[in-house]
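Participant: Protein chains in written order, with our numbering: chain A, 271 to 883; chain B, 49 to 337.
Note that CB positions come from ideal geometry on N, CA and C, so glycine has one too.
Supplied in structure tokens, the structure appears directly below.
Encoded structure:
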């Protein structure tokens with residue numbers, strides 16, 4: 271017995287390590303929490319940490335340049351302040367921030383993500399509102415900090431403009447509607463989704479197509495594309511395709527684009543290039559150009575579906591439209607969209623649903639795809655990847671273009687009259703200030719510096735992103751990503767991927783489309799699968815009504831809370847609280863307790879009670 | 049133990065170090081950042097310490113405590129009862145105070161809605177509270193709010209007669225409102241006509257009045273102007289629609305609705321060449337120098 275008790279049990283090692291780790295962690299927690307999450311070093315140095323998830327090439331280096339420039343400013347050195355960055359991978363960013371925001375150890379500045387704990391009004395618990403500062407000019411836009419050669423007019427304008435007006439989107443990217451205040455300062459713009467063309471392949475394919483046009487008898491792949499009275503299912507009049515082949519431009523219409531895709535396939539076959547595909551697609555939604563057209567195909571039903579004319583189409587307005595016999599799979603819009611999908615997917619690599627974003631980018635960079643679609647955040651990776659290829663002959667020019675839309679004499683013109691506007695693209699990388707930081711003034715000062723005209727231009731030039739400040743010059747390669755302000759609002763389009771749609775419908779829609787794209791089911795199969803779910807009393811339209819009401823009622827509770835607080839603020843004389851309360855009250859009048867959903871139900875089925883679980 | 053005591057010690061300054069007034073202010077501050085739980089915890093300790101004869105501090109502490117208890121999440125019956133009791137006490141002690149009028153509206157709202165499972169809404173009681181505010185504080189902003197709440201209870205019955213009753217309540221007060229409230233009342237009336245009664249014609253005048261007075265949700269003003277344009281086109285008032293679309297493009301140059309508004313303007317101009325409608329150009333994103 272005594273021998274056993276004296277013998278050291280190895281299990282205690284684990285216990286000792288665990289206890290030790292807990293004590294160290296608790297002491298560190300106490301020390302950092304007592305400083306409000308900010309780590310002050312010896313000698314009174316104030317370290318301000320900035321967390322973000324932008325790990326794309328160039329961004330961190332550019333951010334470091336901005337921080338070094340700021341840290342070197344005389345008044346910053348004098349105050350013993352130093353800004354540091356903490357890049358965190360996007361996959362774990364939300365979890366890391368959740369833990370640190372709750373424990374009071376979060377960085378002083380962080381990208382305002384979409385974590386559940388800061389959703390809605392809870393944001394105000396963790397991040398500081400900055401609305402009271404945005405109407406004053408940015409001190410770092412004064413003459414002393416400006417770019418040297420600015421015109422007098424621009425120089426004076428930038429120096430005197432309220433900070434918020436210096437943002438190209440009026441600082442909408444930092445505004446939180448539910449709290450009626452500004453909570454973040456965006457520093458870059460992602461821009462719109464664009465098509466990247468490999469111009470070396472385009473030149474070769476155009477030459478091949480030009481030679482093919484010269485033949486006496488055109489091959490079938492060409493004649494099948496011809497759109498004429500005798501062949502209404504064609505894509506464009508071949509004569510126009512011939513003209514396009516002889517010119518230097520990238521495809522400007524959908525007909526030309528589809529002609530080009532078909533020509534790439536024919537060229538690859540003729541040249542024995544078994545890996546060359548027209549479009550480098552992957553499971554990553556921004557690489558799947560078909561999905562980019564979904565809103566445009568479904569943008570013409572709003573007037574019939576909308577219960578309250580002109581407002582954003584809600585998910586229940588869309589889904590109940592099936593029950594109201596306002597759309598089904600016999601509808602020409604749906605047939606056209608899935609016809610388009612079938613056409614375009616034939617230009618993707620086989621098994622593209624098993625490829626990821628990196629694989630799609632690599633295929634394009636390696637010259638095995640004629641084009642790829644993605645956003646501006648991938649531009650730097652693609653361009654530097656191409657420039658970095660070992661053999662000079664493997665490098666190629668890239669041209670960027672908007673997704674093409676059909677011309678009047680082309681297929682799907684009736685269904686695609688207008689592209690979606692990108693006017694809703696606001697500033698990205700929204701940096702917010704931790705409410706618990708003991709260095710709020712310095713955090714705010716750094717954000718002013720980072721979003722000043724000169725620094726924001728240089729920062730984004732170095733990062734290869736679009737700036738957020740007006741009259742800044744974007745990097746040459748990013749010109750093409752400047753948001754296109756023209757087009758229809760997405761708010762009026764039918765959407766099937768909205769999180770408000772019951773998961774039973776949303777998941778069926780998404781999985782069925784994948785089966786259709788992979789060729790596992792045909793249009794009849796697709797129509798049956800989705801219709802069955804929509805008709806199902808437990809999973810379909812009926813469930814969508816119940817969920818819509820529940821969500822509206824929950825939103826109503828949240829609205830009530832903010833109204834109460836704003837009313838108290840108004841009573842205490844807080845500036846603008848009364849106008850914020852009125853805005854919220856108007857919201858309440860129209861949506862309180864899900865009244866709009868109940869009203870729409872009554873309009874749809876006046877004699878039936880609202881469905882219950 | 050060491051770890052636990054370290055963790056416990058991280059809560060910031062002890063409440064006992066603060067004066068009662070500072071504790072109340074801390075509770076109110078937590079409420080103002082929507083931290084209802086912390087606010088309730090602070091005010092639960094602070095409110096009973098406030099001298100009842102200090103009307104300013106006591107009413108603020110009591111009212112804030114009631115709000116934090118009411119809105120603390122998840123909502124439970126016990127907290128709602130605590131909130132009701134605090135509001136009742138406030139009304140009894142200081143019936144003429146500003147917070148008493150707020151309390152009456154909140155009690156009405158508590159009666160009107162389902163706050164927790166098995167809570168039974170009582171619309172008639174809610175209406176009594178709203179009417180009490182209107183009668184006892186007739187010329188105040190609280191009466192303006194209470195009228196909205198009262199009208200809303202009728203509109204939510206979704207019957208034509210009750211919706212008309214709601215409109216009547218709002219229209220009776222509309223001429224006597226401060227300008228800030230006119231936009232809210234007028235646009236709500238327009239919505240009731242347009243979408244509850246399907247009377248687009250009747251909706252136009254109040255809608256125009258709301259636009260003139262200032263829309264209650266200025267940030268969504270483009271959606272309202274787009275809607276007004278569609279409604280006016282629907283009833284054959286093309287020129288009014290054209291003004292609404294033009295205003296949208298001018299006042300909200302970054303709106304997602306500018307292109308479709310301009311399209312409608314072009315269509316109206318084509319149908320009405322004599323009107324010589326000016327078609328504004330759409331703004332571009334302002335990069336470059």
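To the nearest angstrom, report how far apart residue 495(A) and residue 532(A) are at their CA atoms.
Facilitator: 9 angstroms
Participant: Residue 238(B) to residue 588(A), Cα distance in whole Å?
Facilitator: Straight-line Cα distance between these residues: approximately 24 angstroms.
Participant: How is residue 556(A) classed by DSSP in three states: helix, strand or coil?
Facilitator: helix
Participant: Does the beta carbon of residue 500(A) come closer than 8 angstroms to any beta carbon on chain B?
Facilitator: Answer no: the Cβ-Cβ gap between residue 500(A) and chain B never drops below 8 angstroms.
Participant: So with CB distances below 9 angstroms, who are the chain B contacts of residue 848(A)?
Facilitator: 189, 228
Participant: So, helix, strand or coil for residue 523(A), using DSSP?
Facilitator: When secondary structure is reduced to three states using DSSP, residue 523(A) falls in the strand class.
Participant: How about residue 81(B): is its C-beta nearer than 8 angstroms to some C-beta of chain A?
Facilitator: yes
Participant: Given a cut-off of 8 angstroms, decide if residue 781(A) and residue 803(A) are closer than it, judged by their beta-carbon atoms.
Facilitator: no
Participant: Roughly how many angstroms lie between the CA atoms of residue 190(B) and residue 182(B), to the nearest whole one?
Facilitator: 8 angstroms
Participant: Out of 561(A), 868(A), 716(A), 608(A), which has the shortest C-alpha to C-alpha gap to residue 789(A)?
Facilitator: 608(A)
Participant: On the DSSP letters alone, give me the boundaries of the beta strand (DSSP E) that residue 794(A) sits inside.
Facilitator: Where residue 794(A) is concerned, there is no enclosing beta strand (DSSP E), although the alpha helix (DSSP H) it sits in stretches over 793–805.
Participant: If we cut at 8 angstroms on Cβ distances, does residue 342(B) have a partner in chain A?
Facilitator: Lying before the first or after the last residue shown, residue 342(B) is absent from chain B, which here runs from 49 to 337.
Participant: Listed from N- to C-terminal order along the chain, which residues in the region 96–109 of chain B have their beta-carbon within a distance smaller than 7 angstroms of any beta-carbon of chain A?
Facilitator: none
Participant: Kindly identify the DSSP beta-bridge partner or partners of residue 643(A).
Facilitator: 465(A)
Participant: Please name the residue in 334(B), 332(B), 290(B), 301(B) whose C-alpha comes closest to that of residue 318(B).
Facilitator: 290(B)
Participant: On the three-state DSSP scale, how would you describe residue 264(B)?
Facilitator: coil
Participant: Along the region 570–595 of chain A, where does the CB come closer than 9 angstroms to a CB of chain B? Name the residues.
Facilitator: 573, 577, 578, 579, 580, 581, 582
Participant: So what does DSSP say about residue 862(A), is it helix, strand or coil?
Facilitator: helix
Participant: Along chain A, in chain order, which residues have C-beta atoms closer than 8 angstroms to that of residue 236(B)?
Facilitator: 856, 859, 860
Participant: Given a cut-off of 8 angstroms on the beta-carbon distance, is the pair residue 416(A) and residue 428(A) in contact?
Facilitator: yes
Participant: Quick one: what's got a C-beta closer than 6 angstroms to residue 555(A)'s C-beta in the same chain, skipping five residues either side?
Facilitator: Counting only Cβ-Cβ distances below 6 angstroms, and skipping sequence neighbours, we find 561.
Participant: Using a Cβ-Cβ cutoff of 8 angstroms, what residues of the region 755–768 of chain A are near chain B? List them in chain order.
Facilitator: 755, 756, 757, 758, 759, 760, 761, 762
Participant: Going by DSSP in three states, residue 576(A) sits in which element: helix, strand or coil?
Facilitator: coil
Participant: Does residue 447(A) get closer than 8 angstroms to chain B when you measure Cβ to Cβ?
Facilitator: Cβ-Cβ to chain B under 8 angstroms: yes for residue 447(A).
Participant: Bridge partners for residue 675(A) per DSSP, in chain order?
Facilitator: Residue 675(A) is bridged to 523(A).
Participant: Would you kindly check if the distance between the Cβ of residue 703(A) and the Cβ of residue 379(A) is under 8 angstroms?
Facilitator: yes
Participant: Anything in chain A within Cβ reach of residue 209(B), meaning under 9 angstroms, just list it in chain order.
Facilitator: Chain A residues near residue 209(B): none, gap ~15 angstroms exceeds 9 angstroms.
Participant: In angstroms with no decimal places, state the Cα-to-Cα distance between residue 271(A) and residue 292(A).
Facilitator: Because residue 271(A) carries a pLDDT of 44, less than 50, the predicted location of this residue cannot be relied on, and no value is offered for it.
Participant: Looking at the strands, I want to know which residues DSSP matches up with residue 322(A).
Facilitator: 357(A)
Participant: Are residue 547(A) and residue 617(A) touching if we call contact CB-CB under 8 angstroms?
Facilitator: yes
Participant: Using a Cβ-Cβ cut-off of 6 angstroms (strictly less than) and excluding sequence neighbours within five positions of residue 558(A), which residues of its own chain qualify?
Facilitator: Leaving aside the five residues that flank residue 558(A) on each side, the residues in its chain whose CB is nearer than 6 angstroms to its CB run, in chain order, 551.
Participant: Once the 5 residues before and after residue 871(A) are set aside, which same chain residues still bring their CB inside 7 angstroms of it?
Facilitator: 815, 880
Participant: Which residues mark the beginning and the end of the alpha helix (DSSP H) in which residue 583(A) is found?
Facilitator: It is not in any alpha helix (DSSP H) - residue 583(A) carries neither H nor E in the DSSP assignment.
Participant: With DSSP run on the structure shown, which of helix, strand or coil describes residue 306(A)?
Facilitator: Per-residue confidence for residue 306(A) stands at a pLDDT of 49, beneath the threshold of 50, marking its modelled position as unreliable; the derived number appears in the next sentence. Residue state, collapsed to three classes: coil.
Participant: Which one of 282(B), 321(B), 331(B) has the shortest CA to CA distance from residue 298(B)?
Facilitator: 331(B)
Participant: Is it the case that the region 830–839 of chain A contacts the region 77–89 of chain B, given that we only count it when at least three CB pairs across the two stretches are under 8 angstroms?
Facilitator: The region 77–89 of chain B, when compared against the region 830–839 of chain A, does touch it at the 8 angstroms Cβ threshold.
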